[in-house]
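Contents: one structure, followed by commentary.
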Amino acid sequence: MDTQRSPEEVLIKTIERYLLTNYGKLLKNASLEEFYYSLCQSLKEEIMIHWTASSLSIQKKRPRTLFYLSMEYLPGRFIDNNILHIGAKELVETVLKKTPFSWKKLLSVEPDPGLGNGGLGRLASCFLDSMAALQLPAIGYGLRYQYGIFEQELWNGVQMERPDCWLLRENPWEFRRDALACHVQYKGAFAQGAEGEILEGGEKVRAIPYDYPIVGFPTKKAAFSVITMRLWSTKESPRNFALQRYNAGEFGPAGENTSLTDVLYPSDHHNEGKRVRLKQEFLLVSASLQDILRQQALGETAGSPAHLPIALVDKVRIQVNDTHPGLVIPELIRLLRAQDPKLSLEEAFEYTQAMTSYTNHTVLKEALEEWNEERVMTLLPAQYKIIQQLNFAFCKQVRSHFNEGNKKAQELSIIQNGQVKMAHLLLYGSHKVNGVAELHTRILEEMFADFFSLYPEKLCAVTNGVSHRKWLLDANPLLARFITEQIGGKWVEDFSHIERLKERATERSVQEQFLAIKAEGKRALIDFLRKEARLRDQKGALIDHYPVLGEEALFSVQIKRIHEYKRQLLNLLHVLAIYLELRENPGSRSVKRMVLLAGKAAPGYRNAKAILRIAYMIARKINQDPRTSGSLQLAFLENYNVTKTMMILPGADLSEQISLAGKEASGTGNMKLAMNGALTIGTDDGANVEMREAVGERYWPFLFGMSASAAATARDHYSPTDLYKQDPLLQKVLDFLISDELSQDPSEKECCAHIRKTLLEGDYDERPDEHFVLKDFPAYYKAQKKVEDLFQDRYKWAEYALHNIGSMGRFTSDRSIQDYIKNIWSLEACPTDETILEQLYHVRSADQRIVRDHFFSKRSYS
Ligand code: 26Q
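Put into structure tokens, the structure is as follows:
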């Protein structure tokens, strides 16, 4: 009987059963992959029951539900999240002891889904994790890209992009749901139908959803909730192939609709206006909305179909993750009116607005999405028409509110100079707009001042957060255990309890333990880097690994997308400054420094790629110099992703959050690193500001740089060449940048000269040093000196680090979600119905033996 066996035995038996029935193997001769799949199958037995119970509980209660629409997700490997959240970590470790496979080997089988560019995608995944843990009725919609964010390699310093084939093997965590496929309509021409205008012709694309269980961390109530991430694909439907076009010799266009979800656009903060991207965005929007309406119609048993729209207003909340799914506004209006033809445009708009809210993630002009009007008109004629009608009504409102004739209407108009402005569409079409940190929200308020004077209630701030369970409990189990020893385990469920760690921050023995754990984290990171931080020649062949200093060194990390505003260049210039000082005076620094960089550059982003190349050249130069190599090293880790972040966090001492103030909307790496006991050297930008406030000035000693308001006005009187002339250190550094010591060939030389030029003279139409790298350099240099001073006092450093960890309570994504609930969604938790769960467990436990006896008896008479 199962009940008499230990859980380990049951799990092993289950794995053995899958090995036998799926692969014809016994545990002792199973391959790593076979073991992995069979383990996942076994875990899925548990997960499926809870997933089904969660869905049935929601269907029964019919609560208001949140639909999160995002073009990007970065969940990280599912296997470790799932094992951790169903509480099977120790169990699996015990089972692994009976196999030749290690935990590390097991995890390495699973690819890290790169379905996002960076912060925005990871935020979406942290939010799903938190919504599951908080047992909210919620679904995340997205796209199942065949190829996620490219795999990055640096060939002699030049970034090369390779396709990310994460679906080479079967993915045990996805469930294809053919029954829920739907059609998304593009193009077409208006014609007169019986009930008014209809669209004829055009292309219908079939979208098939794949569901992924997002397993919530269990709360006191033991039963964990499982919510769904539903990703659409056009790949698997041969119907999307346009044979007619193929026969006409149009080979490319013929396959376009089967390949809509092939690839994630790899540029963040840059809007290229590509047609396929627009098709992708509409695919997500239309398929998800149809899915939402279908689900809600199922529950809506009373009344005629025409009653659905008004019922939706109460039950449905849609959060759009940046403007990317912004077409929900016209598409929802269209679908509501198709449902109830009597609904006026105004009513449909009112309903839509009540259901929809929009999160803005950037204030960079070049990142604001806009679409060519003709492109929208051709591809999405019905939606375009609605946008036009909305714009007409909106401009009318603007004129009457401002009473300034046409001027304001032209500025705020959704359609301007032949472009559809997505932010304007959403500012008008949603009932709430939120920034992702306080500072960011204040900047939005200024940027869109006229909008918010029209709708003063719309804007709110919801400061980002990160899953403390993933980024602390899962990524750093040693630190997590230590925290629990110090303050008990409540922090795992409710991160506000972490506050109590501060009480211990001054105790010597606690500091010692923290330092020992950090040293352990550093040793693991050092091992990892010595294997994974690869150096390649110009053909991509592995030549060596970056040298890595020992655990006594200060580990400074800057891990994020490469972008000028994030100022990796400031970090690099500082490395050069230390290097030049050390060369002249080897005794000038008493702290060894290991600088780690990781991050991808958008493939078409010339300056970002040049910065990477310079990082490589600097590393090549300084790492080999015997005068300095014992005390300063720079390493670049290729192909930064969620899994690598988990390796880096426990070993980080110093978190580089050095963006130009006013540019980083929030940042979330800042929070992850601080939770892991790294101190922040940072500007007052994004959520850094709130982190500083939470930590307190005393324990936030490395603040530097201009303020956002200073940066906004300093532009006109700024002369970087004057700075260059006045500051001998800056001069040395910038001259070294173009010296023959650094570059080895004309192309490298050109690269360095180009970057130097952007700083001192400006490039083409750009002003020099747009991101005030040189202006903030002296302050950064000074702050780094302070870092080294504090780092030498090991116990003080530990006190600061413990205090920082203890101040991170506010920065869990649980709190962000609770803020969304309070300020925007008004949702209630919908815990799993225990009786439903019981019933499902009962279904599963149908005795295997009965089945066997049955087969046996059949055979006896055949
Ligand atoms: C737009 C149009 C066409 C193609 C791609 C895009 C695109 C894709 C991704 C534009 C932007 C992004 C990603 C933006 C992003 O990651 N922003 C970051 O969001 C984080 C979560 O809120 C913040 O912490 C960061 O500050 C912000 O930079």
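Using this note's numbering, read the sequence shown as starting at 4 and increasing by one per residue. C-beta: ideal position from N, C-alpha, C; glycine also. It should be emphasised that the depicted structure is a prediction, and the values quoted were computed from it without experimental measurement.
Residue i in three-state terms, based on DSSP
i: Y354; result: helix
i: I417; result: coil
i: C833; result: coil
i: G809; result: helix
i: A522; result: helix
i: K3; result: There is simply no residue 3 to check, as the chain begins at 4 and stops at 865 in what is shown.
i: P212; result: strand
i: Q283; result: helix
i: V366; result: coil
i: L676; result: helix
i: E198; result: coil
i: H186; result: strand
i: A508; result: coil
Among the options, the one whose alpha carbon lies nearest that of residue i
i: A91; options: Q62, N25 and F227; result: F227
i: R883; options: T509, L171, L157 and Q293; result: With the chain covering only 4 through 865, there is no way to say anything about residue 883.
i: L87; options: L475, E841 and L139; result: L475
i: V208; options: A668, T222, E200 and K190; result: K190
i: K399; options: M425, S416, D766 and I390; result: S416
i: L109; options: E96, M649, V513 and P116; result: E96
i: F517; options: I617, K760 and L805; result: L805
i: Y848; options: E49, E584 and E36; result: The amino acid at residue 848 is misidentified as Tyr; the sequence shows Ser. Of the listed residues, the one whose Cα sits closest to S848 is E49.
i: E206; options: S662, V319 and T381; result: T381
i: K64; options: I684, I839 and H845; result: I839
i: I621; options: Y458, S746 and I418; result: S746
i: D779; options: R818, K825, A711 and Q489; result: A711
i: L183; options: L733, Y767 and L292; result: L292
i: Y387; options: M425, E555, E19 and L599; result: M425
i: R280; options: V319, L146, D687 and R179; result: L146
i: K473; options: Y823, C129 and E841; result: C129
i: M358; options: S829, F639 and Q842; result: S829
i: P589; options: H566, Q561, P629 and Y568; result: P629
i: K521; options: F485, R507, I501 and I546; result: F485
i: D906; options: E700, R609 and Q821; result: Summary: the structure shown does not reach residue 906, with the chain confined to residues 4 through 865, and so no result is reported for it.
i: F220; options: Y844, P834 and E700; result: P834
Proximal residues to residue i (C-beta, below 6 Å), its chain only, five neighbours per side dropped
i: F70; result: I142, I295 and I321
i: I15; result: V98
i: A290; result: C185, V187, A210 and W235
i: A309; result: D343
i: G204; result: G191 and A192
i: Y21; result: S41 and Q44
i: S1; result: For the chain, the structure presents residues 4 to 865; residue 1 sits outside this window and is missing.
i: G654; result: G524, K525, L528 and F558
i: L59; result: I839
i: A33; result: L22
Contacts around residue i, its chain only, beta-carbon distance under 8 Å, and the 5 residues preceding and following it disregarded
i: Q422; result: E373, W374, N375 and E376
i: N159; result: R539, D540, Q541 and Y619
i: T509; result: E802
i: Y727; result: L733, Q734, L737, L763 and L777
Cβ-heavy atom distance, residue i to ligand 2, below 7 Å
i: N467; result: With respect to ligand 2, the structure shown offers nothing to examine, as its ligands consist of ligand 1.
Cutoff 7 Å; reference residue i; Cβ partners in own chain excluding five residues on either side
i: Y798; result: R511 and Q514
i: F454; result: L415 and L430
_Cβ contact check for the stretch 750-766 and the stretch 643-650: 3 or more pairs under 8 Å_ = Touching, no, given that fewer than three Cβ pairs across the two stretches are closer than 8 Å.
*Length at least 4, wholly inside the stretch 112-160: the alpha helix (DSSP H) runs in chain order*: List check, alpha helix (DSSP H) in window: 122-136.
_Contact the stretch 718-736 vs the stretch 592-605: 3+ CB pairs below 8 Å_ = Verdict: no, contact absent.
*Quick one: which unbroken beta strand (DSSP E) runs of 3-plus residues sit fully inside the stretch 409-478? Chain order, please.*
With a minimum length of 3 residues, the continuous beta strand (DSSP E) runs that stay inside the stretch 409-478 are 422-424, 435-438 and 462-464.
*Examine the Cβ distances between the stretch 99-112 and the stretch 187-196 and report whether three or more of them are shorter than 8 Å.*
No contact exists between the stretch 99-112 and the stretch 187-196.
*Uninterrupted alpha helix (DSSP H) stretches inside the stretch 634-661 (no shorter than 4 residues)*: Taken in chain order, the complete alpha helix (DSSP H) segments of 4 residues or longer contained in the stretch 634-661 are 645-651.
*Does the pairing of the stretch 68-85 with the stretch 462-481 give three or more beta-carbon distances under 8 Å?*
Counting Cβ pairs under 8 Å, three or more are found: they touch.
*Unbroken stretches of the alpha helix (DSSP H), 4 residues or longer, contained in the stretch 243-277*: Complete alpha helix (DSSP H) runs here, min 4: 246-250 and 254-258.
_Count Cβ pairs between the stretch 549-559 and the stretch 170-178 that sit closer than 8 Å; are there 3 or more?_
No, because fewer than three Cβ pairs between the stretch 549-559 and the stretch 170-178 fall closer than 8 Å, the two stretches do not touch.
*Tell me, please, whether the stretch 347-358 touches the stretch 262-271 by the rule of three or more beta-carbon pairs shorter than 8 Å.*
The stretch 347-358 makes no contact with the stretch 262-271; the number of CB pairs closer than 8 Å stays below 3.
*asked:* Just to confirm the assignment: which complete beta strand (DSSP E) runs, minimum length 3, are found wholly within the stretch 313-342?
replied: Entirely contained in the stretch 313-342, the beta strand (DSSP E) runs reaching 3 residues are, in chain order, 319-324.
*Take every Cβ of the stretch 764-783, pair it with every Cβ of the stretch 611-625, and state whether three or more of those distances are shorter than 8 Å.*
Segment contact: the stretch 764-783 against the stretch 611-625, fewer than three CB-CB distances shorter than 8 Å; contact not assigned.
*Specify whether the stretch 629-637 and the stretch 651-671 touch according to this definition: at least 3 beta carbon pairs, one from each stretch, less than 8 Å apart.*
Output reads no: the stretch 651-671 does not touch the stretch 629-637.
_With three or more C-beta pairs closer than 8 Å as the rule, is the stretch 319-339 touching the stretch 281-289?_
A contact exists between the stretch 281-289 and the stretch 319-339.
*Assess, as a yes-or-no matter, whether the stretch 574-584 is touched by the stretch 735-752 under the definition of 3 or more beta carbon pairs within less than 8 Å.*
As far as the Cβ criterion goes, the stretch 735-752 touches the stretch 574-584, which means the pair count is three or higher.
*So does the stretch 432-440 actually touch the stretch 448-467, counting three or more Cβ pairs closer than 8 Å?*
Cβ pair count under 8 Å is three or more, so yes.
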